[in-house]
Each structure stands twice: as C-alpha cells, then as structure tokens.
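As you go down the protein sequences, you meet chains G and V in turn.
Residue numbering for the first sequence follows my numbering, starting at 1366 and increasing by one per position.
Residue numbering for the second sequence follows my numbering, starting at 71 and increasing by one per position.
We treat Cβ as the ideally placed atom computed from N, Cα and C, and that holds for glycine.
All of these numbers come straight from a predicted model, not from anything done at the bench.
Worksheet: the structure to be examined is printed underneath.
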Amino acid sequence: MAAPVFKNPVIRWIDHRLPIFSYLHHEAYEYPTPKNLNYWWNFGSLAGFMLIVMIVTGLILAMQYTPHVDHAFNSVERIMRDVNWGWLLRYLHMNGASMFFIVVYIHIFRGLYFGSYKAPRELLWQLGVLIYLLMMATAFMGYVLPWGQMSFWGATVITNLFSAVPVIGDDIVTLLWGGFSVDNPTLNRMFALHFLLPFVILAVVIVHIMALHRFGSNNPLGIDTKGQQDTIPFHPYYTVKDMFGLGIFMMFYAFWVFWAPNALGDPVNYELANPLSTPEHIVPEWYYLPFYAILRSIPDKLLGVVAMFASILILFVLPWLDRSPVRAGTFRPVFKWFFWILVFDCVVLMFCGKYAPESYWMPFTFEIVDADTFTARVAEVSGMPHDQALNAVGEMWGVNAASGNFGIKIVRLGQLGTLYYFAYFLIVLPLLSIFETPRQVPLSISKPVLGGGKRVAHATAKSMEKA
Amino acid sequence: MSKRRIALAVVTAIAGLAAVGIVAANPVHHAEVHTQSWSFNGFFGSFDQAQLKRGHVIYKDVCAGCHSMNLLAYRDLQDIGYTEDEVKAFAAEVQVQDGPNDAGEMFERPGRPSDQFKAPFPNEQAARAGNNGALPPDLSLMAKSRAGAGFLGHDGADYIYSLMTLYKDPPAGVTVPEGMHYNEAFKGHQIAMPPPLSDGDVTLDEQAKDIAAFLTWAAEGNLEERHRTGIKAILFLVIFTLLVYAVKRKVWANVH
Chain G
1366 MAAPVFKNPV IRWIDHRLPI FSYLHHEAYE YPTPKNLNYW WNFGSLAGFM
1416 LIVMIVTGLI LAMQYTPHVD HAFNSVERIM RDVNWGWLLR YLHMNGASMF
1466 FIVVYIHIFR GLYFGSYKAP RELLWQLGVL IYLLMMATAF MGYVLPWGQM
1516 SFWGATVITN LFSAVPVIGD DIVTLLWGGF SVDNPTLNRM FALHFLLPFV
1566 ILAVVIVHIM ALHRFGSNNP LGIDTKGQQD TIPFHPYYTV KDMFGLGIFM
1616 MFYAFWVFWA PNALGDPVNY ELANPLSTPE HIVPEWYYLP FYAILRSIPD
1666 KLLGVVAMFA SILILFVLPW LDRSPVRAGT FRPVFKWFFW ILVFDCVVLM
1716 FCGKYAPESY WMPFTFEIVD ADTFTARVAE VSGMPHDQAL NAVGEMWGVN
1766 AASGNFGIKI VRLGQLGTLY YFAYFLIVLP LLSIFETPRQ VPLSISKPVL
1816 GGGKRVAHAT AKSMEKA
Chain V
71 MSKRRIALAV VTAIAGLAAV GIVAANPVHH AEVHTQSWSF NGFFGSFDQA
121 QLKRGHVIYK DVCAGCHSMN LLAYRDLQDI GYTEDEVKAF AAEVQVQDGP
171 NDAGEMFERP GRPSDQFKAP FPNEQAARAG NNGALPPDLS LMAKSRAGAG
221 FLGHDGADYI YSLMTLYKDP PAGVTVPEGM HYNEAFKGHQ IAMPPPLSDG
271 DVTLDEQAKD IAAFLTWAAE GNLEERHRTG IKAILFLVIF TLLVYAVKRK
321 VWANVH
C-alpha cells in the first residue's frame, strides 16, 4: 500500500524519519478486514480493552497496597474506605478480572466454532492460548493479594499441586512459597509477579496482533478474502462497530461493579487469612472451576494435575487435531452438535468445580445435598436400614428415581464432563476430519451477497447437501 | 436460518445464564436464612439514617461489649447523620492508649474522632478468656463475609437478621453442650454467643433489622455513593451507545 501523505508538517517530518504514523495508518486505519464479521468478532478488541483497564486500575491500586501479611488485608480495606474513589478502582479491578475472562472465553469459543485456529492462523491461535495461560497465572496471583481466607487457602491448595511433580515437586513448592508454608515471602513474590505478568501479556498481545495482521481476521464464512470486494478498511467500519459493542459491554460491566460488586467473589475472602482455620469449602474463582473439576475428577494427584494442565495445553495442538479443511462450523453439520455439547460440557464442569465432590446433585428437585443427607433420604423413602441405603447409594448414582430422589455424585458428573472434554479434542475432531461431509462453502464473501442476500450461501449449500 | 439463529441465541443465552447462576448461587446451606426487604437493596437503594442510628445504639450497648470493629473510626459516624460534636462526644467516651510522650511513657487520653473504634479486649487471648474460649469475630466486614440467601449481593444483612432471630430451643434428641446455644441460622446450629437481643420497648424483629442494617453500612459505607455513581455511569453509557449505534448505522449504510 502506498504511504499516506500527512497534512501536518510535524507529523510528516517525524514520519519521514520514524514511520510510526505510516505504520499506524497501515495497521489500524486501512487494514483490510473481511466485511462480513458478526458481533462475535467484537470480543478481541474487548479483551484488549479489559487488559488496559486492568493495567491502569491495577497500577493505581498498587500505589496504595501494602504486600505484607500484617498489612495487606487492611490496606485493601483502606483503599475501600479512605482512598478517594478507592472503592471504585478496587471493584473495577476485582470485577474486571471476571469481565476479562468472560470476554476471553467468548473469544476462544468463537475461535473454536469458526475454526479460527486453522491454517494459516495456527501461531495466532497458539499465542492466544499463551495469553490465556498467562491470564490464569496473573489472576491467581492477584487473588492472593487481599490476603483473605480464600486468598490464603487458595494459594495453599494451588501451590501444593506442584508437589505432585515427581522427585523435585517439594523443592518447587518450597521455591514458590519462599519458605515452608504460604507466608510473607509467598505474598511478596505473588505481588511482584502479579505486577510483572500483565506487561508480559501486553507484549504477547502485540505479537498476537502482528500474527493476526499477517493474514487478517477469519470470518463467519471461514473462507479466505479474495480481493478488495471482500474487505473494508478497519477504520471507520470496525472502529465504530467495536465502539458500539464496547458501549453494550460497559453496561454489563457497570452492572456488576455498581450493583453486585461482590456477587462473583467468595464472601469468605472478606475474612482475614488465618492459617489455623481452614474454610469449609475451598473453591476457586468461577473462571477456574472447570479446570478444578477436571483436577478433582482424577483420583491420583499427579495424574489430576497432569489432566488439568493438559486440558489447556491440548489447545496448543488443536490445529493439528482438527484436519477438516472447512473452517466455519456453520458448514459442518455434525461438528456443530459436538461443539455445542462442548459448550454445555464446560458449564457442567463449572458446576462440578463449584460443589463438594462427594455431594449429590438431584436434578429432579434442583438440590445439592451432602452424602449423609442423601443417604438419609434414600433410607427414608425406600424404608431400607441406613447401612443398606448407604450401599444402595454407592459410589455412582443415587437411587429411587420414582420418588424424585435420584442423585448424581458430583465427582462422577465431573468425570463424565472431563471424559467428553478430552474426547472432543482427541477423538471427535480427528474422526470428524475424516468422516464428516461438510456443506458446500461459498466461493467468496461478496458472491452470496451479490446473488441476492445473505441467505443464498446457505440455501445453495443445503441443496448441495441433498444432492 | 433466522429461526436457527434465534434458537442458537436462546441456547447461548441459557448456557450463559446457567453459568452465571452457578457462579452466583450460594453454596449448600445447612442453615436457615430468612430474606428481608432492605432499603439499601435495588438500583436506587440507600440507607435509612434513622435505622442506622438505632442500629448504632444497639451496637454500642450490646455488640461492642464483646465484638471489635477495628476498621471503623469514630469520624465515620458522621456518615450516618451524627454532628461533629456528637461524634467527638462518642469518641471521648473511651480512653485510648497513646504515646510515648516526651518522658518515654505511654499514657491514656480520651478518644478523638480520628481514632478507630476501641476494641473490647486487648488481644485474642483476652477475648477468648472472657468468652468461654470462643472468639467473638470482628464485625467490620461481617455483612460481607457471610453468605445470605440473596442471588447477587450475598446479602449478609439477611444472615445477620436470621442469626439474631433464630435462637430456638433445641429439637428433641439434640443436646447442646454447656455454654452453647441452639441457633438455626448458624452453621452446625451451635453457637457460643448467647441470644444478644430480646423483645423490649422495640421488638426483637425490629432490633435485628436495625443491627443488620448498621453492620451493612459498617461493611460497605460507600454503598450509596456506589449506587449514585452507577446511575450516572449507566445514563452516560446509554446515551453514548445510542449515539455510536447511530454513527455505526450511517457508516455501514453503504456496505453490502
């Protein structure tokens, strides 16, 4: 593309010596973007927006926060009570983490559905997975900082996972703790890393965008752009569309910040960390719940940890597991079903991560009850003595569907969920690549539109399928 | 296609709502929580200052005998409608240790508005020794650190109200150890705290509401400012979003 001619002489002078204005013009203004992107494509820029919000609010919070076990909790409360607008900063940051994950999860599932991970965008996808991993680490460390009960016990549970590593496990844990238990050195390193990692994320995001701009965005049809008739310049088309999406998203964000700022967090974290008193349920923040469920699904500690990490690392090799030449799920009649089951599966896993593994979920009465209560109910309804009822309840399912006392043990449900999660990537996608007959994909982005409306692509595809 | 799209949107919305529900839903309750209607809930919710003042009196006369409230200072009481002089008088009721003075000695002086609420016990051991071995928790954040029955706010006020009102005689077959009390709102139903409130000139029910409201204010004094700011933010965002949408329609009008 031709370098733009800037009217402002100062900009012209600078640009001649350091072409950043030309670069920006090229990458953020005229950058050719498929013209058919739908609103699912808003979430990339929203994620970028959230990263900036987190860095800015976090920086100002760090000016007021004290990373010391004796002062951390109270310094956060001081921010809430005595610092001007401190409560707003802190609620923006705390709920911002949840918003960031919501946006990124939608962004990831959009990529999964429309095949954005496929050639030539494999590296782009892998960089995204790396960003996600860094986000998980950053959020975990940030959660430790207020030094509440869940901060402390969450940190204890998660750092202890590394002790499962053979031979050097205990040494790793000692290194993470900076001692022999979660204590002041742990808090200090968490703070240092929580400050550092967002900038690492920012760097990877820049590389992510560089990789994106190499081939441009994927699009809802999952086909390559064939020329100028298929694209529009990024500005003003997508800048204004992203702004609109941002407005809607900010209202959602504002709802949580101003009217339910603590709803997404655990109330127990408003109690000061106490190493001598373990909370009844140690539950991670919602965005980790599916992985927590996978961890707990495997009885063996090491294998559980391996499965948990594998559930994310598997995304790195996804481009080579799904060999189907068609990107967009829209044109893959069978894939579509498995994809939506995966979405549902992740919700189920989240559910399993939230509740105690030995409790029972009773789908007919919408209750979650602990094993004792469940056994008692079975005994009551069936008239069995308690021991016998205990056997009937067993390890798997509860009994007596007729009375509404059917229950599924949470850990078993989590195992089914885990099984499907891995099967989706390791079995379903490779097999679909071989056996699925995709619908016919439109020739180009503009063609179906020129042919009389957006529906045509699909209509043609349908008749082809029957033939 | 459009039908299918709607179906898809519905499925997505249900999955999303289910997810939010799971996240925001409360953990399994073995304890009762009775939901009340509070003036501070809702989009325009604000505190009832008269109620907070009544709650403050209950706190001072009843709770403060055993429970600390370390995160609040006397000056904070101006927020609930006390004058500066009244706050000074409250603070001056207690003796606070200060120092060292020029002679290097610690000394006692009357409290000032900038002092934190004076704790009833000097340390945890003293608090336990004075309460049969049980530690009365600090009340600064009680309303935020307990889950109520509410969906979005955790509604600790409901929990506090329930705890105050659900002292009962233990059911047949349940024995409560010496020094413990039976309370349906408390996890495990056995609580060391004796029933702190009882019917008097004001009913137990009213007192329980007042103290729950006061503790909610203590935990979340910025609630009213938060709601007001939120309304402004949403108004701004609605106008902003509508304007951007209009611009978007115009910009995209020629794209086919």
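Nearest-angstrom Cα distance between G:Pro1649 and G:Ile1523? Along the first sequence, read from residue 1 onward, the residue named residue 1649 of chain G stands at position 284. Along the first sequence, read from residue 1 onward, the residue named residue 1523 of chain G stands at position 158. A straight line joining the alpha-carbon of G:Pro1649 with that of G:Ile1523 spans about 9 Å.
Per DSSP, G:Gly1748 forms a beta bridge with which residues? Counted from its first residue, the first sequence places residue 1748 of chain G at position 383. DSSP lists no partner for G:Gly1748.
Residue span of the alpha helix (DSSP H) that contains G:Pro1374, given as start and end: Position 9 of the first sequence, counting from 1, holds the residue named residue 1374 of chain G. That run of the alpha helix (DSSP H) goes 1374-1382.
Whole-angstrom Cβ separation of G:Ser1582 and G:Trp1406, contact assumed at under 8 Å? On the first sequence, residue 1582 of chain G is found 217 positions in, with the first residue counted as 1. On the first sequence, residue 1406 of chain G is found 41 positions in, with the first residue counted as 1. So it is a contact: roughly 7 Å between Cβ atoms.
Once DSSP output is grouped into helix, strand and coil, what is the label at G:Tyr1720? Numbered from its first residue, the first sequence carries residue 1720 of chain G at position 355. Of the three classes helix, strand and coil, the one that applies to G:Tyr1720 here is coil, per DSSP.
Hey, does G:Arg1446 have any beta-carbon neighbour from chain V nearer than 8 Å? As a first step, residue 1446 of chain G must be located in the first sequence, where it is residue number 81. Interface criterion met: the Cβ of G:Arg1446 is under 8 Å from a Cβ in chain V.
Output yes if chain V places a C-beta closer than 8 Å to the C-beta of G:Met1829; else output no. Residue 1829 of chain G sits at position 464 when you count from the first residue of the first sequence. Here G:Met1829 scores only 43 on pLDDT, less than 50, and its place in the model should not be relied on; the value that follows carries that caveat. For G:Met1829, the answer is no, since every Cβ of chain V falls outside 8 Å of its Cβ.
Since I believe G:Phe1517 is in contact with G:Val1547 (beta carbons under 8 Å), could you give me their beta-carbon distance rounded to a whole number of angstroms? Indexing the first sequence from 1 puts residue 1547 of chain G at position 182. Indexing the first sequence from 1 puts residue 1517 of chain G at position 152. Confirmed, about 6 Å.
Please compile the residues from chain G whose C-beta is within a distance smaller than 7 Å of the C-beta of V:Trp322. For the purposes of this step, residue 322 of chain V is taken as the residue at position 252 of the second sequence. Per Cβ cutoff of 7 Å: Tyr1602.
Nearest candidate by alpha-carbon position, reference G:Phe1527, set G:Ala1638, G:Ile1677, G:Val1712, G:Val1671: As a position in the first sequence, residue 1527 of chain G is number 162, starting the count at 1. For G:Phe1527, the closest alpha carbon among the candidates G:Ala1638, G:Ile1677, G:Val1712, G:Val1671 is that of G:Val1671.
Chain-ordered neighbours of V:Gly226 on chain G, where CB pairs are closer than 8 Å: Reading the second sequence from its first residue, position 156 is the one you call residue 226 of chain V. Chain order gives the chain G residues near V:Gly226 as Pro1632, where near means a beta carbon separation below 8 Å.
Give me the residue from V:Ala316, V:Ser215, V:Leu236 with the minimum Cα distance to G:Glu1636. Here residue 1636 of chain G refers to the residue found at position 271 when the first sequence is read from its first residue. When only C-alpha atoms are compared, the closest one is V:Ser215.
Taking only beta carbons into account, state which residues of the region 295-322 of chain V come closer than 7 Å to chain G, listed in chain order. Taking 7 Å as the Cβ-Cβ cut-off against chain G, the residues of the region 295-322 of chain V that qualify are Arg296, His297, Thr299, Gly300, Ala303, Ile304, Leu307, Phe310, Thr311, Val314, Tyr315, Val317, Lys318, Val321, Trp322.
Run down chain V in chain order and give the residues with a C-beta less than 7 Å from the C-beta of G:Val1605. Here residue 1605 of chain G refers to the residue found at position 240 when the first sequence is read from its first residue. Val314, Val317, Lys318, Val321, listed in chain order.
8 Å Cβ cut-off: residues of chain V touching G:Ile1613: Numbered from its first residue, the first sequence carries residue 1613 of chain G at position 248. What G:Ile1613 touches in chain V: Thr311.
Excluding the 5 residues flanking G:Ala1502 on each side, which residues of the same chain have their C-beta closer than 7 Å to its C-beta? By one-based count along the first sequence, residue 1502 of chain G stands at place 137. For G:Ala1502, the CB contacts under 7 Å within the same chain, skipping 5 residues up- and downstream, are Leu1562 in chain order.
Give me the Cβ distance between G:Phe1466 and G:Tyr1652, rounded to the nearest whole Å; I'm assuming they're in contact under 8 Å. Counting from 1 along the first sequence, the entry for residue 1466 of chain G is found at position 101. Counting from 1 along the first sequence, the entry for residue 1652 of chain G is found at position 287. Yes, G:Phe1466 and G:Tyr1652 are in contact; Cβ-Cβ is about 4 Å, under 8 Å.
Cα separation between G:Lys1400 and G:Val1806? Taking the first residue of the first sequence as 1, we reach residue 1400 of chain G at position 35. Taking the first residue of the first sequence as 1, we reach residue 1806 of chain G at position 441. Inter-residue distance for G:Lys1400 and G:Val1806 is about 17 Å (C-alpha atoms, whole angstroms).
Determine, using beta carbons only, whether G:Phe1703 and G:Tyr1789 come nearer to each other than 8 Å. As a position in the first sequence, residue 1703 of chain G is number 338, starting the count at 1. As a position in the first sequence, residue 1789 of chain G is number 424, starting the count at 1. Closer than 8 Å, so yes.
Starting from V:Asp131 and walking both ways along the alpha helix (DSSP H), at which residues does that stretch end? Counting from one through the second sequence, the residue named residue 131 of chain V turns up at place 61. For V:Asp131, the uninterrupted alpha helix (DSSP H) segment begins and ends at 119-131.
So that I know if they touch, is there some Cβ in chain G lying closer than 8 Å to that of V:Val325? Taking the second sequence and counting its residues from 1, the one referred to as residue 325 of chain V is at position 255. At least one chain G Cβ lies under 8 Å of V:Val325.
Cutoff 8 Å: V:Ala262 Cβ touching any chain G Cβ: Looking up residue 262 of chain V in the second sequence gives position 192. At a cut-off of 8 Å, the C-beta of V:Ala262 has no neighbouring C-beta in chain G.
Using only the alpha-carbon positions, how far apart do V:Pro190 and V:His137 sit? Residue numbering aside, residue 190 of chain V sits at position 120 when the second sequence is read from its first letter. Residue numbering aside, residue 137 of chain V sits at position 67 when the second sequence is read from its first letter. The alpha-carbon atoms of V:Pro190 and V:His137 are separated by roughly 7 Å.
Would you list, in chain order, the members of the region 1371-1405 of chain G that have their beta-carbon closer than 8 Å to a beta-carbon of chain V? For the region 1371-1405 of chain G, the residues whose beta carbon sits under 8 Å from a beta carbon of chain V are, in order, Lys1400.
N-terminal and C-terminal residue of the alpha helix (DSSP H) that V:Gln106 is part of: The residue given as residue 106 of chain V occupies position 36 in the second sequence. Membership of V:Gln106 in any alpha helix (DSSP H) is not indicated, and neither H nor E is assigned to it by DSSP.
Note down, in chain order, each residue of its chain lying with its Cβ closer than 6 Å to the Cβ of V:Val132, except the 5 sequence neighbours on either side. Counted from its first residue, the second sequence places residue 132 of chain V at position 62. In its chain, beyond the 5 residues on either side, Pro266 have a beta carbon closer than 6 Å to the beta carbon of V:Val132.
Spatial distance of G:Ile1417 from G:Gln1593 (CA atoms): Here residue 1417 of chain G refers to the residue found at position 52 when the first sequence is read from its first residue. Here residue 1593 of chain G refers to the residue found at position 228 when the first sequence is read from its first residue. Using only the alpha carbons, I get a separation of about 33 Å.
Less than 7 Å between C-beta atoms, sequence neighbours within five positions excluded: which residues of the same chain meet that for G:Glu1487? Residue mapping note: residue 1487 of chain G aligns to position 122 of the first sequence, counting from 1. Take G:Glu1487, set aside five residues on each side of it, and the residues of its chain with a beta-carbon closer than 7 Å to its own are Pro1684, in chain order.
Other residues of its chain near V:Pro230: CB distance less than 7 Å, five sequence neighbours each side excluded: Position 160 of the second sequence, counted from the first residue, corresponds to residue 230 of chain V. Per the sequence shown, the amino acid found at residue 230 of chain V is Ile instead of Pro. Sequence-distant Cβ neighbours of V:Ile230 in its own chain, meaning closer than 7 Å and more than five residues away, are Met212, Ala213, Ile281, Ala282, Leu285.
Quick one: residues in its chain with C-beta nearer than 8 Å to the C-beta of G:Val1370, no 5 flanking neighbours on either side, listed in chain order? By one-based count along the first sequence, residue 1370 of chain G stands at place 5. Result list for G:Val1370: Arg1377, in chain order.
Classify V:Lys257: buried if its beta carbon has 16 or more other beta carbons within 10 angstroms, exposed otherwise. The count along the second sequence starts at 1 and reaches residue 257 of chain V at position 187. Exposed.
So, with DSSP's three-state summary, where would you put G:Asp1607? Reading the first sequence from its first residue, position 242 is the one you call residue 1607 of chain G. G:Asp1607: helix per DSSP, three-state reduction.
Could you tell me whether any Cβ in chain V is nearer than 8 Å to the Cβ of G:Phe1739? On the first sequence, position 374 is the one that residue 1739 of chain G refers to. Answer no: the Cβ-Cβ gap between G:Phe1739 and chain V never drops below 8 Å.
If you draw a straight line from the alpha carbon of G:Asp1595 to that of G:Ile1379, how long is it in whole angstroms? As a working mapping, residue 1595 of chain G is identified with position 230 in the first sequence. As a working mapping, residue 1379 of chain G is identified with position 14 in the first sequence. So the alpha carbons of these two residues sit roughly 34 Å apart.
Beta carbon of V:Trp287, beta carbon of V:Ile150: below 8 Å? Counting from one through the second sequence, the residue named residue 287 of chain V turns up at place 217. Counting from one through the second sequence, the residue named residue 150 of chain V turns up at place 80. Yes, Cβ-Cβ distance for V:Trp287 and V:Ile150 is below 8 Å.
Rounded to whole angstroms, what's the CA-CA distance from G:Tyr1491 to G:Ser1410? Just pull it up for me. Walking along the first sequence from the start, residue 1491 of chain G turns up at place 126. Walking along the first sequence from the start, residue 1410 of chain G turns up at place 45. Reading off the sequence, residue 1491 of chain G comes out as Gln, not Tyr. Distance from the CA of G:Gln1491 to the CA of G:Ser1410, rounded to the nearest whole angstrom, comes to 18 Å.
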